[in-house]
Amino acid sequence: MPIIDQYSAIINQQQALVPDSQLIDGRTEKDWLCFLSGFGNLVNFYNKDNQHSGNWRPFLLKDPLFLTATIAGTPFKQLHTLYLNTIKSIKSLITTSMVGSLFNQLFDQLNDVFMYIKQWIGFMQSSDKEYTLKNYIINESTVKISPYFWAFNSLRQNLFLSTFVEGITPVNTSRFHTYSDYQEQVWRKNKDKSPYWELLNLKHPITKNTPLEILNAITNVGDRIFHFFHTAIHHADIEFEKIKIETNGYPDTVLIRSFIELLKIHQKQLNGLSQKHLQFYYDDILKQKKQGAQPDSAFIYTTLSKKSAYTLPEGTLFNAGLDSQKQPILFVNTKSVSLTPTLISDAFTLSIAKNAIGFYMPYVQDIPEPSTIKKDEIGQTEAWQTFGGADTTIATKTNFGIAFASPMLLLKEGNRTITFSFNFATTTDLRQLKNARYYLSTQKKWLNVTAFTVFPNFQFFGESQEVVITLEAIQPAIECFDTNPDGITAKWPLIKIIFDAVSSPTTPPILNSLDISVAVAGIKTFQLYNDYGTLSTKNPYPLFGPSPVYNNNFIIGNNEILSKPFNSLYFELDWDKLPNNFEDYYKEYNTYFENNKERAKNRGNIWNRITGKGSNNDDTTEETVFSFNNYCFTVEFKLLQNNDWNSISMTKLQNIAINENNTIMATPYPITEDTPQPDDELLLFSTDDTTVNGTLTEKSFFGYTPVNEVKTRNSFIQLVPLKYSDTSKAGLIKMVLNGPQYGFGAEIYPKVVTNIALNNAAILINNAESFFGISRPIKESANIPYTPKLDSLTAYYTASETYDFTSKTPQSALECFMYSPFSNYKIYNKLNIDGLGIALYPTYTDKGYLYIVMDTIIPSNNLNIYFELSGSYDGEPDTEPINYYYLSKSGWETLPLIADGTNNFSCTGIITVNIPKDISKKSPLMPLGKYYIAIGVNNPSQYAKSIIVAPNGFCVSRTSTISWKDKNNKPQIAANAITQPQTAIPEIATVVQPFPSFGGKAAENRTAMNIRVSNRIKTKDRAITNGDYFRTIREQHSFIFYSKPIYNTNSKKLDIYVVKACESPTEADAFLPQINSCQKEKIADYLNARAGAFSQCSVHNFSFQYVKVNASVIVSEGYDTIGLKKAINTAINLFISPWISSDAPQITIDTSITDIEIASCICSVDGVVAANNISFVTWACGNPYINVDTVTSVTPANTATLLVSYMNHHILINPTS
């Protein structure tokens, strides 16, 4: 089908059906006066010598009314277009030989403008009458225009003389002779006052400039001259109307105007002939009559004054003010409505959008006060995506997450390695774990450990994955929060996993079990005690007390280690100032034992003492003389469990080493091949070798590996400060000095000292009684009993725990918390077990949600929610069902839907739901204290935007249009016209009508009736041609500004693209004109009912193509540049948007846009002198903006594309130089 300019066709049709407007003779008085002034120029008169001595033009133009009519009729557009085209030609041919002749044309065109102004001033000065336009033109010409006149002519003459640009002709001075008379003060005054190169901002001499620089100089000043020229012509219209109503002092011209008034009588009669014939045919032959007005409707919503429900009866009248006849306008509800005290205090949208790799990310937008209309900075009504979107300029990207609280995560110091093993029910996309962010709790804030996290043997898909976190000793302690910044309460330290994107929000991975293993090296903080009280570690401390004796205790407390099911535990004792050898240190003691035959029962040989091993089944004992040595001091370890000390099997170690993976490597204490079966004794000290003469080392190492039946877990000691007392039940381990029986000699020391003293006394007596003078040396005094002290105690341990989420048996201490975009809540503890596993992140079965937050609810009542939607979606409507939910204590439940007046959120309407009894404001899934309704969809982008959401909404309609007397306008009331019922209802506090009424249709006037009948005659009520379609649409659907039928060769159907008409730029999405799905369906049904079976059509919105304008603008002095830039931006937006009603000039829809048109638009803004360097950037709406090449004109990309304004144009403001 051929595509025609239907906009022009409709205008022509309207003009044809109103022939008396200007069909035969549509000239106005101003047109007549302008014509007579021009005709007077052709009527000459002669002197007595029959010589030409002038014409009649001066006799007419002495009258300011004739002069202003003549100025208003000056062909500015023709002159300005010629000027702009000449500039473009010069730019394109600047390097050719033709440039000289083009410069001549440009100079002549500017001189023509000066000649127009010169003539105006000449005739103005011939009259004594003062008026605004006269003063403006004379003053501006004297101060600004005349200097440029002389500068241009000087420039032209210099170009001619220098031959710098070949082909320039000299100035024609014969045109200047008339300046010597009464215009001397205007034009001659500024001759030669300033050099032309200064006025034109050129270099001197002329040869220092390039032809392009000369052109730019001429253009900059020429734009200002044309701006002044246009301003004068534009204001001449205004001045004409002012002078027209004043008393005229020229009788001859008044007489001419009287003849014109007489001609208007015949003009009216002549123009009325066609109308009489048309009226006779339509009224008398076809018997057509004007159709009456159709009533309008409006959506309103109410708030109640009481906290109880109220049923508004059918037929309730609402007052909407008075009409033009001072009669009350009444609206009525056509059915009863259930009203409740519900208030919608807030709303949120959640969009779960897919990223480049197919994962999903949540975006949340807060909609504060959703029942209030909001405006942007330019006053345009704001609309928001009903079910959210991924636009980060309005929505905030949030995350899903999960947190585990476990006593295994108490890791206060040392080098720490934590291994998590996630075991899933099915094969899972493990990239979401690898791409997640990991945090551990510290006392004050979360510690981001993502950079310290590795994933051994990682594969994209699998049923399990290890996550290993390694912390160095410099990292802070991992412990419980003092105050959790995420608002959750947990007993244990936490790990938080935040997923930037997830693979499947509809079916999250199910975690069957979680293994947590820790390996810690370098713990140095303990609660230490001995039998004498608490030990201070600021200085070396005596672990067994000041005088260690047999069975003295060294007690070690640590709620980190001893609260966990550790797999291994190692102690490193760093001694303070050990002697080299205890046998030497206790020499006197050993002498005492030998002399006094002190006996001790020893089991096994010395190697048993070294390793603590021997035969447990060997009851034979070997009684030997005791002596202190490096291997006589033994200990045993006991673990406090349930207030009972239980022995544990520690092992003597030679050394402990930590490798790069923080793995603990224990070296057994060396033994020989003849080592008998192990015994349960442990040597306290270590030597550099295991011989009798081995030297003591500075450290001792012990290791422990629990056997299966020994349970070391007691998580709850982490919850209270650990302090040793008689009532302590766990968290402590003690080292008991169980050998030798003499301890470190404190009890035997007095005997040794006494023995040495007696022996020395005997030696002295014997020496004194010796006859031969032989004396023996006295024995040295004994060392005081040695008190072992520790410089430090260091622990190493490993522990592991498995948490099985498929078991209904209560687990050991563990809490799980889910992180959703709106709240963080507990999902698992020992009281919340279902044995089904736990989801890795929250489940969302839909891709887009609207959450409605309410303060007051009356359960078991209907709630009518009013949605005002904007027609901003043009894709195929979502065919999947819309899901409604409410929040109960047990979670989200299905909300019963009673009625959907929005047609699946495609148009404004009322949604009615029934509020169940179990709705709750105490569910942890959302912030507490509010009631929640959620509406979910699978394709959030396929729904119209929302403007407001309000409770207690219903529709009212005008009661009658019989009294509607305003025949030229459709029945419509403004927003907020309805504020109360006609009769006060105590239960209703307020009535709000946020938007104007809709659906009304004006009573037909003669023009409307003629158009309707003409269309019916043309189409026979059957749409066949393209013209039939757009005529029908225009007549039946007043909200359509423009329509364009295009035959689709693929579908073999007609696609009709439409543009919504907007009354104001403040309407929502006014600059992106789209109709909603309901309107498209309504138009399509109407057209298809009038089309053939094989001529079915579908209705669409245009796709949009953004246009961004770049321009450099020169402005007059005294104007605020910021305000002027905003005014220019607004003017461009309206100029490119003809579907928005405006008195300002606008482009013809569905046509190209040129730089000349934009220049004219910009120059129409008050304060703008000139617009230069205009270019465009254009791209498809919905695509990201990219830097593309600029162009000087823009054409729609295809027949289904509409040019729309980008809204924020690049305007460079330059003040007048």
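Numbering (our numbering), first residue to last: -1 to 1215.
Heads up, the beta-carbon is just placed ideally off N, CA and C, and yes, glycines get one too.
Answer with buried or exposed for residue i, where buried requires no fewer than 16 other C-beta atoms within 10 angstroms of its C-beta.
i	result
M852	buried
A655	exposed
P748	exposed
V718	exposed
H232	exposed
H202	exposed
S944	buried
V1202	buried
S139	buried
L1210	exposed
I1220	For residue 1220 there is no data in the structure shown, the boundaries of the chain being -1 and 1215.
S995	buried
V184	buried
Taking a contact to mean a Cβ-Cβ separation below 8 Å, would you say residue i touches residue j in this structure?
i	j	result
F346	V362	yes
L812	S404	yes
Q652	F699	yes
D574	P538	yes
L885	V911	no
I1160	A1129	yes
D898	N937	no
D1153	I1172	yes
T785	P540	yes
T434	F497	First, the amino acid is wrong: residue 434 is Ala here, not Thr. Against a cut-off of 8 Å, the Cβ pair of F497 and A434 comes out as a contact.
T685	N628	yes
Tell me whether residue i sits in a helix, a strand or coil according to DSSP, three-state version.
i	result
P326	strand
S502	coil
I608	The predicted position of I608 is uncertain, since its pLDDT is 44 and thus under 50; a value taken from the coordinates is nonetheless stated next. If DSSP states are grouped into helix, strand and coil, I608 belongs with the helices.
M816	strand
P840	coil
C32	helix
T440	coil
N1196	coil
D1016	A small correction: the amino acid at residue 1016 is Lys; Asp does not occupy that position in the sequence shown. Note: K1016 maps to helix in three-state DSSP.
V169	coil
K777	coil
N859	coil
R711	coil
Y794	strand
I85	helix
W148	helix
D853	coil
D529	coil
P56	helix
S178	Its pLDDT being 43, under 50, S178 is placed unreliably by the model, and nothing is read from it.
Q457	coil
Kindly indicate the opening and closing residues of the alpha helix (DSSP H) around residue i.
i	result
W118	97 to 123
E592	585 to 593
T910	Unbroken run through T910 is the beta strand (DSSP E), 907 to 912; no alpha helix (DSSP H).
F1039	Premise fails: F1039 lies in the beta strand (DSSP E), 1038 to 1046, not in any alpha helix (DSSP H).
Quick check on the DSSP output: the beta strand (DSSP E) that includes residue i runs from which residue to which?
i	result
S303	Element bounds for S303: n/a, residue is neither H nor E.
Y1084	It is not in any beta strand (DSSP E) - Y1084 instead sits in the alpha helix (DSSP H) that spans 1075 to 1086.
F569	564 to 573
W195	Note, W195: premise wrong, no beta strand (DSSP E); alpha helix (DSSP H) at 194 to 197.
Exercise. Can you list the beta strand (DSSP E) stretches of 3 or more residues lying completely in the stretch 380 to 404, in chain order?
Worked result: 398 to 403
Problem set entry | Continuous alpha helix (DSSP H) assignments of at least 4 residues falling wholly in the stretch 337 to 362 | Counting only runs of 4 or more, we get nothing.
Problem set entry | Whole beta strand (DSSP E) elements within the stretch 1120 to 1192, 3-residue minimum | Whole beta strand (DSSP E) segments, 3+ residues: 1166 to 1178.
Problem set entry | Any alpha helix (DSSP H) of 4 or more consecutive residues that is wholly inside the stretch 271 to 295 | When DSSP assignments are scanned along the stretch 271 to 295, the uninterrupted stretches of alpha helix (DSSP H) that are 4 or more residues long and fall wholly within it turn out to be 271 to 277.
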